[in-house]
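A quick write-up on the structure given underneath.
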Amino acid sequence: TYYLFYDTVLETLTGTFHPMEIRFYTPLGEKLLCEDTIAHVVGCVYAASSTKVLMDALSVTAYPGDPSSDEYEDGVPNNKVVVIWGLAAVLNNAETDPDSNT
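The numbering of the sequence shown is our numbering, which starts it at 1 and goes up by one.
Rendered as structure tokens:
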């Protein structure tokens, strides 16, 4: 296994574009995606104060068809739904309310 890297852009719901790099594990010899391929990507995103958003892809599914065709984007859904799962450390600094013992 090794990494494949793809440079792309991330469009926000407000129409702002940010440069993004997608990285995913793949078996040796796996076919690369063609230039201008549109893909549905599920992954973990890291967006620090740097200029590039980084994503470790868990799943990459390319939309079928020929990316060089003028009709390629016609069949791709205009899906602007963003799904975010947040992970955070929980600190055990709980305070007890003496009146309710909670």
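Don't be surprised by glycine CBs; every beta carbon is placed ideally from N, CA and C.
Nearest to Thr126 by CA position, among Phe17, Leu4, Pro67 and Phe5, is which residue?
Residue 126 lies beyond the range of the chain shown here (1 to 102); nothing can be said about it.
Among Asn78, Pro77, Ala62 and Tyr3, whose alpha-carbon lies nearest the alpha-carbon of Ala39?
Here the question's residue 39 lines up with position 39 in the sequence shown. Nearest of Asn78, Pro77, Ala62 and Tyr3 to Ala39, Cα basis: Ala62.
Leaving out five residues on either side along the sequence, give the residues of the same chain with a beta carbon under 7 Å from the beta carbon of Tyr72.
Locating residue 72 in the sequence shown gives position 72, where the first residue counts as 1. Closer than 7 Å at Cβ, skipping near neighbours: Gly65 and Asp66.
Could you check how far apart the C-beta atoms of Val42 and Leu58 are, in whole angstroms? I think they sit under 8 Å.
Working through the sequence shown from its first residue, we reach residue 42 at position 42. Working through the sequence shown from its first residue, we reach residue 58 at position 58. 5 Å between Cβ atoms; contact.
Where does Tyr72 sit, in a helix, a strand or coil, going by DSSP?
Indexing the sequence shown from 1 puts residue 72 at position 72. Here DSSP, grouped into helix, strand and coil, assigns Tyr72 to helix.
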